[in-house]
Amino acid sequence: MKRLYFLLFIVIVTLFNCSKDEPAETETLYFPSINSNAWETKSITDLGWNENELQPLLDFLEEKNTKSFMMLYNGRIVREDYFNGHSKTALWYWASAGKTLTTAVSGIAQQERLININNKVSDYLGTGWTSASITKENLITCKHLLSMNSGLDDSLGDDVSPANLQYVADAGTRWAYHNVYVKMQDVVSVASNQTWNSYFNTKLRDKIGMSGLWVNLGDLSVYNSNTRSMARFGLMISAKGKWENTQIVPETFLNEATNTSQNINKAYGYLWWLNGKSTYHLPQTQIEFNGELIPNAPEDMYAALGKNDQKIYIVPSEKLVIIRMGDAGDGPNFALSTFDNELWGKINALIN
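Numbers -6 to 345, taken from the working numbering, label the letters of the sequence shown in order.
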């Protein structure tokens, strides 16, 4: 009898230890309804984050001219904060963070076989869309526009009329941050036989419950929306292009878009900035910098970065999407700034 009790004890202990070793049930990725403002939340306490570091983060954000800040964990809102007179419904500009909207729509158009990003731009816009020779112009593909290596002169401003798009180097041999990417909107418009706004709204915006609109500011096309709309876009991208069970942007295309797209700026995909690379380039310079783009951020983070510190950070390893809108945190900038690394120092203190 003692032997029987002993064997029973061993079985119970074994089963208990096995149950401890099994991973907890994985929480499903959450998507808010496209027809409602309701959005599930997750508390910092439930996540086991360091609550004592929350107020220093919020103080830093307010001090650095932030308008809004959102943190999503597995799709659920952990923090949603508004500062300096901003509100949940107020619109703000995405600046160059909105370039990634053009990336997403280009992927959709390719999936629909309207375009192929490996084709030359002149296949869609006709020749003469630049002032380069026909031979040099025909070297420029749609992928070059998305990768910022068209070889066109970036020193002439944001005007993308033919006279202002001048040859500097063969496409693919020089990386330069340039407004010429916006010609991809013309490519999609011509190929779809729709206005850019119509195609964008139908194929992307309305399918994930975003609001907002494109505003033409001189030579620039800038997206404006509330903060939750930016968060919806970031969530869809983090979900590998899906919204619930619907594939919005092809996953294979997004994998390309969020990995190094050319051999010059390792920290750049298709209009997405990539952390964790050994070197990077910045706008308005041909200098190669050593090290990671944002040293304090996780290596697998990729980001949409806009003028004056508009941010979408996506971190697959942490199941995080982080949004920041506002005025410049540390002086005017075109994309990356010292604010990024400082902000990630505060975020790390909270989540680790």
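Here a beta-carbon is modelled for each residue, glycine too, at the ideal position from N, C-alpha and C.
Helix, strand or coil: how does DSSP classify Phe24 here? coil
Should the segment 187 to 203 be regarded as contacting the segment 108 to 121, the criterion being three or more beta carbon pairs within less than 8 Å? no
How close, in whole Å, do the beta carbons of Pro291 and Asn334 come, if the pair is a contact with beta carbons under 8 Å? No, Pro291 and Asn334 are not in contact; Cβ-Cβ is about 13 Å, not under 8 Å.
Quick one: give me the first and last residue of the beta strand (DSSP E) that Glu73 is part of. Arg69 to Tyr75
Would you mind giving the Cβ-Cβ distance between Ser231 and Ile307, rounded to the nearest angstrom? I have them listed as a contact below 8 Å. 5 Å
Which same chain residues, not among the five before or five after Gln159, have their C-beta less than 8 Å away from its C-beta? Thr123, Ser124, Ala125, Leu145, Asp146 and Leu149
Should Asp302 be labelled buried (16 or more other beta-carbon atoms within 10 Å of its own) or exposed? buried
Test item: CB-CB of Lys233 and Pro49 under 8 Å: no
Could you spell out the range, first to last residue, of the alpha helix (DSSP H) harbouring Val180? Lys176 to Ser185
In terms of DSSP beta bridges, what is Met63 paired with? Glu73 and Ile316
Just to confirm the assignment, what range does the beta strand (DSSP E) spanning Val308 have? Gln303 to Val308
Among Thr82, Phe76 and Ser26, nearest to Thr220 - alpha-carbon criterion: Thr82
Could you check which residue in Lys312, Ala102, Arg167 and Gly284 has the C-alpha nearest to that of Leu132? Arg167
Can you check which of these residues, Ala156, Lys60, Glu46 and Asp199, is closest to Phe226 by C-alpha distance? Asp199
Mapping the DSSP letters down to three states, classify Gln103 as helix, strand or coil. helix
What does the alpha-carbon distance come out to for the pair Thr95 and Tyr216? 10 Å
Can you confirm whether the segment 234 to 248 touches the segment 318 to 330 when touching is taken to mean that 3 or more C-beta pairs between the two stretches lie within less than 8 Å? no
If you draw a straight line from the alpha carbon of Leu65 to that of Leu40, how long is it in whole angstroms? 12 Å
Going along the chain, which unbroken runs of the beta strand (DSSP E) with 3 or more residues stay wholly within the segment 211 to 279? 213 to 218
According to the neighbour-count rule (16 or more other Cβ atoms, all chains shown, within 10 Å of its Cβ), is Arg69 buried or exposed? buried
For Asp212, which residues of its own chain have a beta-carbon under 6 Å away from its beta-carbon, when the five flanking residues on both sides are left out? Asp151 and Asp152
With distances taken Cα to Cα, identify the nearest neighbour of Ser154 among Asn172, Glu244, Thr278 and Gly100. Asn172
Helix, strand or coil: how does DSSP classify Leu343 here? helix
Going by the CB atoms, is the gap between Gln255 and Asn142 shorter than 8 Å? yes
Just to confirm, are Trp87 and Met229 a CB contact at a threshold of 8 Å? no
Can you give the Cα-Cα distance for Trp189 and Val98, rounded to whole angstroms? 10 Å
What did DSSP end up calling Trp189 once you bin it into helix, strand or coil? helix
Residue closest to Leu313, alpha-carbon to alpha-carbon, out of Ala328, Lys270, Asn268 and Met294: Met294
Should Gln103 go down as buried or exposed, given a rule of 16 or more other Cβ atoms within 10 Å for buried? buried
Going by DSSP, which residues form a beta bridge with Thr34? Ile70
So, for Asn67: in the same chain, excluding its five sequence neighbours on each side, which residues have a beta-carbon less than 7 Å away from its beta-carbon? Glu20, Leu22, Tyr23 and Lys312
Nearest-angstrom Cα distance between Lys300 and Ala31? 30 Å
Measure the C-alpha to C-alpha separation of Asn258 and Glu56 and round it to an integer number of angstroms. 32 Å
Cut-off 7 Å between Cβ atoms - residues of its own chain near Trp337, not counting five sequence neighbours on either side: Ile287, Asn289 and Ala290
Is the Cβ-Cβ distance between Thr59 and Ala297 less than 8 Å? no
Exposed or buried, which one is Ser89 when buried takes at least 16 other CB atoms within 10 Å? buried
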